[in-house]
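Single-structure report; data block below.
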Amino acid sequence: MSCGGQQPNRRAQNSPTLASPHRRRAVSEAGDPPSLPVLPDEVLGDIFLCLEAANDLARVSSACKSFRRVVCDPQFLRRFRFLHPPPVLGFFGSWESGGFHHAEPPHRSASAARAIAQATDFACSFLPNPGTWKIRDASDGRLLLCSRPADTKTAFMDLVVCDPLHRRYVRIPPIPKDLASSSCLGPLSLLAASGVEEEESPLGVICMDKQLGGKVSAFVFSSATGKWRGITFEGWRGNGGVILTCCRYYAPRSLCWKSEAFSCVFMLDACKMEFSVVRIRRPLHYRQCAIVEAEEGRLGLLTLDGCILDLYCKAREDNGVGSEEWKHERTIPLPNSGEYAFGFSGAGEGYILLEAIPLGFASTLQCRVGLHYFILKLKTFLVERLCVSGRHIDSACLYANFLPPLSLPVV
Numbered sequence: 007m008s009c010g011g012q013q014p015n016r017r018a019q020n021s022p023t024l025a026s027p028h029r030r031r032a033v034s035e036a037g038d039p040p041s042l043p044v045l046p047d048e049v050l051g052d053i054f055l056c057l058e059a060a061n062d063l064a065r066v067s068s069a070c071k072s073f074r075r076v077v078c079d080p081q082f083l084r085r086f087r088f089l090h091p092p093p094v095l096g097f098f099g100s101w102e103s104g105g106f107h108h109a110e111p112p113h114r115s116a117s118a119a120r121a122i123a124q125a126t127d128f129a130c131s132f133l134p135n136p137g138t139w140k141i142r143d144a145s146d147g148r149l150l151l152c153s154r155p156a157d158t159k160t161a162f163m164d165l166v167v168c169d170p171l172h173r174r175y176v177r178i179p180p181i182p183k184d185l186a187s188s189s190c191l192g193p194l195s196l197l198a199a200s201g202v203e204e205e206e207s208p209l210g211v212i213c214m215d216k217q218l219g220g221k222v223s224a225f226v227f228s229s230a231t232g233k234w235r236g237i238t239f240e241g242w243r244g245n246g247g248v249i250l251t252c253c254r255y256y257a258p259r260s261l262c263w264k265s266e267a268f269s270c271v272f273m274l275d276a277c278k279m280e281f282s283v284v285r286i287r288r289p290l291h292y293r294q295c296a297i298v299e300a301e302e303g304r305l306g307l308l309t310l311d312g313c314i315l316d317l318y319c320k321a322r323e324d325n326g327v328g329s330e331e332w333k334h335e336r337t338i339p340l341p342n343s344g345e346y347a348f349g350f351s352g353a354g355e356g357y358i359l360l361e362a363i364p365l366g367f368a369s370t371l372q373c374r375v376g377l378h379y380f381i382l383k384l385k386t387f388l389v390e391r392l393c394v395s396g397r398h399i400d401s402a403c404l405y406a407n408f409l410p411p412l413s414l415p416v417v
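7 is the number of the first residue of the sequence shown in the working numbering; add one for each residue after it.
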């Protein structure tokens with residue numbers, strides 16, 4: 007007990023507010039959460055490339071300004087498109103003008119498809135002479151459209167490739183007269199390669215033309231050269247006529263058409279610009295068929311008979327044909343197979359479009375309850391319902407793209 011003195015205030019001595027400046031700084035530093043490391047944009051970009059879905063990338067871009075800067079960089083978007091193809095959002099009917107059939111719930115792309123349908127001018131009103139253009143093909147966010155001139159007997163059809171989302175277009179020059187002797191040419195195809203990581207992908211337009219004497223010609227336009235060139239195939243003799251108006255199916259960078267007897271497929275390798283003939287053995291050619299790319303670079307043959315979808319494969323040789331017989335790989339289950347009769351309706355963007363007619367209706371003309379459309383993803387062979395349409399769509403063109411700001415102008 008002290009005399010005349012005050013009892014020391016132990017609480018005051020232990021109070022941080024009365025502690026020395028050095029002690030206050032130490033306590034403050036100990037109590038603060040550790041600061042996050044600042045990663046360079048290059049590292050953030052490599053991390054974001056690991057995301058598989060465009061929806062996830064869109065959420066990342068809205069997290070903060072630095073993330074959005076990385077995601078919206080054109081070079082990053084090209085790399086992302088190279089690794090992750092855009093989702094399928096819907097399809098057009100060949101020869102339609104602006105009729106976009108978008109994905110509907112419960113499809114995973116339904117919300118994005120609805121947004122893209124509202125934001126995009128699929129009627130292409132920004133083109134000259136609006137209302138006269140018809141859609142012929144779609145690839146990588148681009149549309150190939152044609153318009154017949156007033157003098158259809160002598161003039162070649164007008165062609166444009168447009169980006170309906172960003173309302174941009176380029177004209178395709180007519181085929182020179184020394185290449186094409188006739189203006190009544192066959193089906194048109196658009197090749198817009200998205201496999202270019204650093205640069206804008208080139209445009210390619212292919213126009214088929216059937217000639218007499220077993221010859222088949224194709225005219226190919228490349229935006230890299232700005233010119234058309236013609237190639238002719240004379241090995242079609244004895245195979246019957248070529249059905250140039252049917253749906254053409256894709257192996258990667260290849261276009262395929264069937265023969266009239268459905269006993270073989272006419273294939274054009276768009277990279278090598280070489281033709282080949284793929285035989286289809288009996289009884290497979292009595293079914294609906296589609297040539298696709300199978301695993302390990304093999305050639306795949308999808309056959310459809312009512313509600314049974316089968317995959318046959320064989321090795322691909324250097325000329326793209328393969329001499330061995332087709333071997334059955336798997337039967338792909340179709341949803342509600344006891345309720346619908348299925349048929350191939352189109353292809354593109356790594357998918358096959360299937361049209362489903364309710365059983366009890368002999369044809370699409372009799373069906374008034376709506377036709378269901380499904381897409382088959384060729385990478386996983388997963389079948390999903392895309393939408394319902396009130397009418398039959400012949401030779402459909404699938405449309406795939408990203409929503410802004412993840413999309414880049416492609417024309």
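Beta carbons are placed, not taken as given, at the ideal position from N, Cα and C, and that holds for glycine. Here the structure is a predicted model, which means the values were calculated and not measured.
Distance between beta carbons of residue j and residue i, contact taken as under 8 Å
i: G356; j: K383; result: 7 Å
i: D143; j: L209; result: Contact flag wrong, Cβ pair sits at about 12 Å.
i: L359; j: A402; result: 5 Å
i: R148; j: L196; result: 6 Å
i: V211; j: L150; result: 6 Å
i: H378; j: R391; result: 6 Å
i: L305; j: V284; result: 7 Å
i: R235; j: V226; result: 6 Å
i: L418; j: P80; result: The structure shown has nothing for residue 418, since the chain only spans 7 to 417.
i: F54; j: V66; result: 6 Å
i: P134; j: F162; result: Their Cβ separation, rounded to whole angstroms, is 17 Å, which puts P134 and F162 out of contact at 8 Å.
i: F128; j: R173; result: Actually they do not touch by this definition, with Cβ atoms about 11 Å apart.
i: P93; j: A60; result: 6 Å
i: Y346; j: C313; result: 7 Å
i: S145; j: G352; result: 12 Å between Cβ atoms; not a contact.
i: A362; j: F348; result: 5 Å
Terminal residues of the beta strand (DSSP E) in which residue i lies
i: P80; result: Taken as a continuous stretch (DSSP letters only), P80 belongs to no beta strand (DSSP E), being part of the alpha helix (DSSP H) at 80-89.
i: V94; result: 94-99
i: K320; result: 314-320
i: F73; result: Segment 71-77 is the alpha helix (DSSP H) holding F73; no beta strand (DSSP E) there.
i: F106; result: 106-108
i: I178; result: 174-178
i: D164; result: 164-169
i: V394; result: 388-395
i: C270; result: 270-275
i: E299; result: 294-299
i: K383; result: 377-383
i: G303; result: Neither: G303 is in no beta strand (DSSP E) and is coded neither H nor E.
i: S260; result: 260-264
i: L404; result: 402-406
Start-to-end residues for the alpha helix (DSSP H) that takes in residue i
i: T230; result: Before going on, a small fix: residue 230 reads as Ala here, not Thr. A230 -> no alpha helix (DSSP H), and no H or E assigned at all.
i: R287; result: Run containing R287: none; DSSP gives neither H nor E here.
i: V417; result: Neither: V417 is in no alpha helix (DSSP H) and is coded neither H nor E.
i: G51; result: 47-54
i: V66; result: 60-67
Cβ shell of residue i (< 7 Å), same chain only, five flanking positions each side left out
i: L95; result: H108, A109, S115, A118, A119, I122, Y405, A406, N407
i: R336; result: L317
i: G105; result: F98, G99
Residues near residue i in its chain [Cβ-Cβ closer than 8 Å; skip 5 each side]
i: L290; result: L307, T309, Y318, W332
i: I286; result: F268, S269, C270, V271, C295, L307, W332
i: V176; result: V166, V167, C168, L209, S229, V417
i: K385; result: G356
i: G376; result: V394, S395, G396
i: P91; result: S200, E355, G356, A406
i: W139; result: S103, C130, L133, L151, C152, S153, V166
i: H334; result: D316, L317, Y318
Same chain only: Cβ atoms within 6 Å of residue i, ignoring 5 sequence neighbours per side
i: L165; result: C152, I178
i: S72; result: none
i: P411; result: C78
i: D5; result: With the chain running from 7 to 417 in the structure shown, residue 5 is simply not present.
i: I426; result: Only positions 7 to 417 of the chain appear in this structure, which leaves residue 426 out of reach.
Any C-beta of chain D under 7 Å from that of residue i
i: N61; result: In the structure shown, chain D cannot be found, because there is only a single protein chain.
Item to check | Every unbroken alpha helix (DSSP H) inside the segment 111-158 [4 residues or more] | outcome: Those alpha helix (DSSP H) runs which fall completely within the segment 111-158 and span 4+ residues are 116-125.
Item to check | Secondary structure, beta strand (DSSP E): runs of 3+ residues fully inside the segment 326-360 | outcome: Within the segment 326-360, the complete beta strand (DSSP E) runs of at least 3 residues are 333-338, 346-354.
Next on the checklist: Assess contact between the segment 71-86 and the segment 43-51, defined as three or more Cβ pairs (one per stretch) separated by less than 8 Å. Is contact present?
Outcome noted: Contact between the segment 71-86 and the segment 43-51 is present, because at least three Cβ pairs lie under 8 Å.
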